[in-house]
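Student:
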Amino acid sequence: MDFDFIQRFAPMYVKAAGLTLRIGAIGILLSLAVGVLCCLARYFRVPVLRQIAAAYIELARNTPLLVQLFFLYFGLPKVGVKLSAEACAITGLTFLGGAYMAEALRSGLEAVDKAQAESGMCLGLTTLQNLRFVILPQALATAIPAIGANAIFLIKETSVFSAVALADLMYVAKDLIGMYYKTDEALLMLTVAYLALLLPLSIAFSLLERRLRYAGFGNSVQGQ
Amino acid sequence: MNDKPILEVRHLRKHFDGTGVLEDVSFAMREGEVIVVVGPSGCGKSTLLRCINGLERPDGGEILLDGARIDGAADLVKVRRQVGMVFQSYDLFPHMDVMGNLTLGPVQALKQPRAQVEAEAEKALARVGLADRAHALPRQLSGGQKQRVALVRAMLMHPRLLLLDEITAALDPEMVREVLNVVLDLARDGMTMLIVTHEMRFAEAVADRVIFLEGGSVLEDAPPARFFHAPETDRARQFLASFEFDAVRQPPKD
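What follows is the structure, given as structure tokens:
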């Protein structure tokens with residue numbers, strides 16, 4: 001093991017980790033937004049939008065991210081739409097993540113007892129107020145474990161973006177292996193970098209999940 | 001008491017998947033009146049209540065609240081701000097404490113100042129014996145306590161009419177009493193209530209009128225003294241007899 005090598009190139013990994021984290025974070029937030037919209041279109045049975053959402057979810061979940069990314073990066077320029085590598089990465093991640101988040105939120109919404117919505121209606125709440133104060137808080141609490149799993153999955157998926165020359169963690173590792181043949185060191189640092197990013201996130205979601213469970217969230221079955 | 005009806009139900013009809021639950025229901029109630037609806041399971045009691053605040057859409061007939069039609073009304077939200085409803089399963093919001101449950105409607109739907117609503121809520125909680133539970137979560141309460149909170153939650157909206165749908169059906173016997181006492185209290189204060197219940201003794205005590213619903217129609221509509229002691233129809237007599245028990249060891253007949 002060449003520790004000088006590790007020391008020398010560690011800053012490159014730190015920089016790349018920043019890029020991975022930034023693209024991952026933006027992608028996750030946009031995914032959540034797309035997921036909420038799709039999920040609401042289906043929940044409220046909005047005509048047309050609901051079918052579009054369903055079709056999009058199937059398309060996004062049943063094609064590999066790498067294929068989606070190639071479509072954005074190599075396909076779109078042929079019809080005159082040219083996106084930067086970073087824009088492609090964020091768009092691709094959102095396209096994939098939106099579908100997964102929509103499904104996670106849907107499972108949360110479906111777990112909320114219908115009587116809860118009726119109780120809110122009986123208090124004279126408007127549909128939006130009912131959604132905001134009664135239904136979504138409970139749905140989100142139920143969906144938190146799935147949302148957390150999706151967030152971690154999406155950050156890991158960013159590794160495919162090295163294929164369109166985005167200087168993320170995976171790209172740096174491949175680059176170093178190609179230049180110096182220090183495979184062991186490069187891959188070790190890559191593993192450590194991903195763990196350093198994802199372990200805290202994973203632990204944070206576990207804690208959040210446990211807190212919500214203790215607070216009685218996500219428990220739509222009321223005891224007698 | 002005002003003579004103009006607060007609620008009028010005319011020839012109400014509601015079918016589910018082709019089978020009739022309500023065939024032809026008509027009655028009117030005045031302000032301050034307490035009507036108890038009784039009848040065998042599946043006779044449409046709950047459906048009747050759910051139609052009155054628009055949780056179900058009637059298939060025929062009309063419902064008037066203060067003289068204005070509410071069936072098919074565009075603004076059901078406004079109707080529901082005047083018609084409170086409490087269910088068998090309490091349905092408190094599990095993610096809010098008692099105070100959060102109580103203030104949500106008045107603050108968000110009625111736009112009342114939070115401080116004022118909280119002060120009122122504290123008084124109301126004290127009245128139903130729950131002064132120290134304002135910051136408990138619903139899952140920390142007993143069934144009877146939850147149902148009292150649900151009643152207070154509905155009352156803080158100051159409804160013109162309160163609908164109670166078998167609110168003691170899920171409770172242990174000793175908890176039934178504490179909930180029914182609150183309802184009796186409301187009746188004494190002149191609250192207009194339409195109550196579905198299987199507690200016949202309670203019905204007799206609280207009702208100004210009893211409506212006996214059977215097969216989707218009103219078979220009897222009478223003061224409790226007459227309905228419980230001299231019912232007019234055989235069907236009502238049979239129904240009331242189902243609440244009586246004959247002694248297992250009968251004295252020898254002579």
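Sequence lines, in order, name chains A and B.
For the first sequence, our numbering gives the first residue as 1, with consecutive numbering after it.
For the second sequence, our numbering gives the first residue as 1, with consecutive numbering after it.
Quick reminder that beta carbons are idealized off the backbone N, C-alpha and C, glycines included.
It should be emphasised that the depicted structure is a prediction, and the values quoted were computed from it without experimental measurement.
1) Starting from A/E157, find everything on chain B with Cβ-Cβ shorter than 8 angstroms and list it in chain order.
2) Evaluate B/L164 with the Cβ neighbour count: other Cβ atoms within 10 Å of its Cβ, from every protein chain shown; 16 or more gives buried, anything less gives exposed.
3) If you reduce the DSSP assignment to three classes, tell me which class A/G120 lands in.
4) Jot down the residue ranges of each uninterrupted alpha helix (DSSP H) in the segment 69 to 150 of chain B, minimum 4 residues, whole runs only, in chain order.
5) In chain order, what residues of the segment 188 to 201 of chain A put their CB closer than 9 angstroms to some CB of chain B?
6) Taking any Cβ of chain B, which residues in the segment 95 to 129 of chain A have a Cβ under 7 angstroms from it, in chain order?
7) Among B/R57, B/I63, B/L22 and B/N53, whose alpha-carbon lies nearest the alpha-carbon of B/R44?
8) Under the rule that 16 or more other beta-carbon atoms within 10 Å means buried, what is A/Y181, buried or exposed?
9) If you measure from the beta carbon of B/H158 to each beta carbon in chain A, is any gap under 7 angstroms?
10) Secondary structure at B/A207, three-state DSSP: helix, strand or coil?
11) B/E62 to B/V25, Cα distance in whole Å?
12) Within a Cβ cutoff of 6 angstroms, which residues of the same chain sit near A/R61, ignoring the five residues on either side of it in sequence?
13) Can you pull the DSSP bridge partners for B/P5?
14) Please name the residue or residues paired with B/E23 in a DSSP beta bridge.
15) What residues of chain A sit near B/M193, judged by a beta carbon separation below 9 angstroms?
16) Where do the N-terminal and C-terminal ends of the beta strand (DSSP E) with B/A222 fall, by residue?
17) Exposed or buried, which one is B/K14 when buried takes at least 16 other CB atoms within 10 Å?
18) What are the boundary residues of the alpha helix (DSSP H) that A/M1 is part of?
19) Counting only beta-carbon atoms, is B/L104 nearer than 7 angstroms to chain A?
20) In its own chain, which residues sit with a C-beta less than 7 angstroms from the C-beta of A/I28, not counting the 5 before and 5 after it?
21) Against chain B, does A/P137 count as a neighbour if the rule is that its beta carbon must be under 7 angstroms from one of theirs?
22) Can you find the residues in the same chain that come closer than 6 angstroms, C-beta to C-beta, to A/E157, ignoring five residues on each side of it along the sequence?
23) Helix, strand or coil for A/V14, going by three-state DSSP, please let me know.
24) Report the residue from B/P173, B/D172, B/M157 and B/A205 whose alpha carbon sits nearest the alpha carbon of B/V183.
25) Given this structure, state the Cα-to-Cα distance separating A/A102 from A/C38, to the nearest angstrom.
26) A/I144: which of A/R22, A/L49 and A/R210 sits nearest, CA to CA?
27) Secondary structure at B/G14, three-state DSSP: helix, strand or coil?
28) For B/V176, report the span of its alpha helix (DSSP H) as first-last.
29) Check whether the Cβ of B/Q108 lies closer than 7 angstroms to any Cβ atom in chain A.
30) Listing by chain order, which chain A residues have their CB less than 7 angstroms from the CB of B/M85?
31) Taking Cβ positions, are B/G67 and B/L162 nearer each other than 7 angstroms?
32) Excluding five sequence neighbours on each side, which residues of the same chain lie with their C-beta closer than 6 angstroms to the C-beta of B/I70?
33) By a C-beta neighbour count over all protein chains shown, 10 Å radius and 16 as the cutoff for buried, is A/P77 buried or exposed?
34) Using the beta-carbon of each residue, which ones in chain E are nearer than 8 angstroms to A/A141?
35) In the structure shown, what three-state DSSP assignment does B/G60 receive?
36) Please report the straight-line C-alpha distance between B/F227 and B/F239, rounded to a whole angstrom.
Tutor: Based on what the coordinates show:
1) Within chain B, no residue comes near A/E157; the closest Cβ sits about 32 angstroms away, beyond 8 angstroms.
2) buried
3) helix
4) 76 to 82, 98 to 104 and 114 to 127
5) Those residues of the segment 188 to 201 of chain A that come within reach of chain B (Cβ to Cβ, closer than 9 angstroms) do not exist; the list is empty.
6) A115, Q116, E118, S119, M121, C122, L123, G124, L125, T126 and Q129
7) Note that residue 44 of chain B is Gly in the sequence shown here, rather than Arg. Out of B/R57, B/I63, B/L22 and B/N53, B/L22 has the C-alpha closest to the C-alpha of B/G44.
8) exposed
9) no
10) coil
11) 10 angstroms
12) When the five nearest sequence neighbours on each side are left out, the beta carbons in the same chain lying within less than 6 angstroms of the beta carbon of A/R61 are those of A99, in order along the chain.
13) B/R30
14) DSSP output for B/E23 lists no bridge partner at all.
15) Listed along chain A is no residue with a C-beta nearer than 9 angstroms to that of B/M193; the closest approach is about 15 angstroms.
16) S217 to A222
17) buried
18) It is not in any alpha helix (DSSP H) - A/M1 carries neither H nor E in the DSSP assignment.
19) yes
20) So the list reads G97, A151 and L154, once near-sequence residues are dropped.
21) yes
22) Within the same chain, A/E157 has close Cβ partners L65.
23) DSSP places A/V14 in helix when its eight states are reduced to three.
24) B/A205
25) The straight-line gap from Cα to Cα measures roughly 6 angstroms.
26) Closest in alpha carbon position to A/I144, among A/R22, A/L49 and A/R210, is A/R210.
27) It should be pointed out that residue 14 of chain B corresponds to Lys in this sequence rather than to Gly. Assigned with DSSP and collapsed to three states, B/K14 falls in strand.
28) P173 to R188
29) yes
30) C122
31) Contact check for B/G67 against B/L162 fails: the beta carbons are separated by 7 angstroms or more.
32) Listed in chain order, the non-local C-beta contacts of B/I70 below 6 angstroms within the same chain comprise I63 and V79, local neighbours out to five positions each way being set aside.
33) exposed
34) The chain inventory of the structure shown lacks chain E, comprising the protein chains A and B.
35) It is a strand residue.
36) 11 angstroms
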